[in-house]
């Protein structure tokens, strides 16, 4: 075999065709990934067609397209360009048959990228172009490399389309595949075998090189930076008190080592390598509200009203100004289906707010200013069986959104952030319209200035801690950006972790990185979607303390989604309760907890004792399911349907010397490490463990006392603790 021209022609053709397919495939895949218009399936079918058509059919179609009698062929002829039976024709044929493999592989890789990562980048202010180059493409890179291998292999072995369009001109268009065919046809089997072995060798070398590069890239992104945890020097170390060091040309940061040791934080917040305590503890004056042993707030009853203790220990409801009073800009807009919402108890009556902002029952105007904070009025038809309909405002105190799974909590946040489009409605943030269906306004997420902390944290696997925090600060000058990054590294107690990647962090550390990243962009509103759900109890308590401290200094609107009442109560000042897409409760947390307006709200706030009622007179009701009559303090409304009492509000007595006190027998019990739940039957014993009237929760110390009492015990349903509810 003296003529090696097929080898050079094949290499040149396959190399150029792979480059063209590489860029065309990535571009088209990126466009198809984001395109949601009509005819997407038809467009995809056309782009994929060369895979399923025989190569000779593809070659014939190219011949029709580029031939002398076609419009394209005539245009090329006028320009003095001849494509048919030329080397460019081999490149065109190879590119056309290789492109679908590149396109489909890259598109599949794009679809495998977690959508939350893309949405997170958008909420951090990244445009679609920046999201593509800095998030989507790097995360899909293994798939891109796989597509490149397939495209090269397909271009290298192309035969039918090339023969139809470029022919077999030795030294000009004859590739290895064509040379093998004609050598075998002429009976030169040895020559054909030699070309086959050469092609196999080329393909193996190309695949090996690309796979090696792919493996190195993955190692560098995923495990190449575990130096932080193994005592090696990191390239993003930051000296205490200094701004983040600038990037070198190679994209790395200069490491500053002090004292020859590196101090890093472990999961429990202790500093390793320095022997010092971490500053993760809540600073003095932190707004964390003290709780009793039972996890509830102390309340004092004076003059027939409920006086609860605020954080400073001052009484509310005893003639002094309450710290849950509606403040200017406070998010206490009433939004029940009927247009009203139960608000705080004032002067022994229930004051409710209508949608116009006027206070009913007290004759005072509401001081909510829609131009300040976050105003949400949205309707989202998610499916034929579920529609989200939410109206509320948020400003000042963090607003907790409480509800069961599937109630629309996360969808509400997504609509506010611009990650989902409401069917109709209006969203306004500090007087700036983010969405208005009537005016046709719908700002993209990167223009809304809203920070979003996702339930799964949505940390970018290919970025370290410092790069995460600085991702949304690209518009700032480098010195200012580095200073801002260091500020939030210190605020979230992430010193020593700047160069770690997400897989090298604990759950609590990942949560702090996500929170720092969202707050670093100085958002006008901060949305948190169940940020504590993936943490164990110890880490959850740490993050709760951190959130309380952070929220106390944050001036924007804050929405905190959770399905756990205890989390919402500890972190938030106000609560909004969602059920099946509708707002069924909206008030301060104390009002929601002590006076839930409806049966469903009481259920969602973990009240366990309910009974249907029949009104006897203006101060007495009959609890039908408990078979007892109860004296009440609150005015009885005609719409009253249920009475309830929380399990920890039941009191056990030795003698029936109080109102609403009834004999009871223990049916069964359930205990945890600190509390005991007692299932009680009134008036008579019950041998059926499923037949009981009330659940009571007591501490084990109390249980050890009352279990020695002879039965029947006496249980008191305090009139001031009874919850009167509509259906």
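Numbering (UniProt numbering), first residue to last: 1 to 727.
The beta carbon of each residue, even a glycine, is placed where N, CA and C say it ideally should be.
Counting along the chain, the unbroken alpha helix (DSSP H) around residue 26 starts and ends at 5-34. Distance from residue 556 to residue 525 at the Cβ level is roughly 5 angstroms; contact confirmed, criterion being Cβ atoms closer than 8 angstroms. Considering only 598, 653, 664, the residue with the shortest C-alpha distance to residue 627 is 664. Residue 550 is a Cβ neighbour of residue 491, given a cutoff of 9 angstroms. Along the region 48-92, the alpha helix (DSSP H) occurs as fully enclosed runs of 4 or more residues at 55-66, 71-78, listed in sequence order.
Under the 8 angstroms Cβ criterion, the region 640-649 counts as touching the region 604-616, having at least three qualifying pairs. Residue burial is scored here from C-beta neighbours: residue 373 has at least 16 other C-beta atoms within 10 angstroms and is therefore classed as buried. When only Cα atoms are considered, residue 620 and residue 629 end up about 7 angstroms apart. Each of 78, 62, 71, 103 was checked against the Cα of residue 85, and the nearest Cα belongs to 62. Closest in C-alpha terms to residue 488, from the list 471, 678, 477, comes 471.
Straight-line measurement puts the Cα of residue 484 at about 7 angstroms from the Cα of residue 520. Under a 10 Å Cβ-count criterion, residue 477 is classified as exposed, with fewer than 16 other Cβ atoms of the shown protein chains found around its own Cβ. Taking 8 angstroms as the upper bound for CB-CB distance, residue 102 and residue 160 are not in contact here, some 19 angstroms apart. Burial state of residue 502 is buried, judged by a 10 Å Cβ sphere holding 16 or more other Cβ atoms. Taken through DSSP and simplified to helix, strand or coil, residue 538 comes out as helix. Nearest C-alpha to residue 157 among 140, 172, 176: 176. Membership of residue 663 in the beta strand (DSSP E) is indicated by the continuous run 661-671. Relative to residue 599, the option among 578, 616, 450, 618 whose CA is nearest is 578.
Straight-line measurement puts the Cα of residue 121 at about 11 angstroms from the Cα of residue 133. Contact check between the region 191-200 and the region 108-115: fewer than three CB pairs, one atom from each, fall below 8 angstroms, which does not count as touching.
When DSSP states are grouped into helix, strand and coil, residue 397 belongs to the coil group.
It is roughly 26 angstroms from the alpha-carbon of residue 150 to the alpha-carbon of residue 65. In the DSSP assignment, residue 623 forms a beta bridge with 613, 628. When the beta-carbon positions are compared, residue 163 and residue 460 stay at least 9 angstroms from each other. In the DSSP assignment, residue 715 falls within the unbroken beta strand (DSSP E) covering 713-716. Per the C-alpha coordinates, the member of 172, 94, 130 positioned closest to residue 4 is 172. For residue 473, there is no enclosing beta strand (DSSP E), as DSSP marks it with neither H nor E.
Classified as buried, residue 681 has 16 or more neighbouring CB atoms from the shown chains inside 10 Å of its CB.
With a beta-carbon spacing of about 5 angstroms, residue 561 and residue 401 fall inside the 8 angstroms limit used to define contacts.
According to the DSSP assignment, residue 135 belongs to no beta strand (DSSP E), since it is labelled neither H nor E. As DSSP reads the structure, residue 386 sits in a beta bridge with 383. Residue range 525-529 is occupied by the beta strand (DSSP E) that includes residue 525, with no alpha helix (DSSP H) assigned at that position. Collapsing the DSSP output to three states places residue 676 in a strand. Here the C-alpha atom of residue 648 lies approximately 22 angstroms from the C-alpha atom of residue 624. Runs of the alpha helix (DSSP H) lying entirely within the region 567-616, each at least 4 residues long, are 589-594, 599-604 in chain order. Inter-residue distance for residue 53 and residue 45 is about 12 angstroms (C-alpha atoms, whole angstroms).
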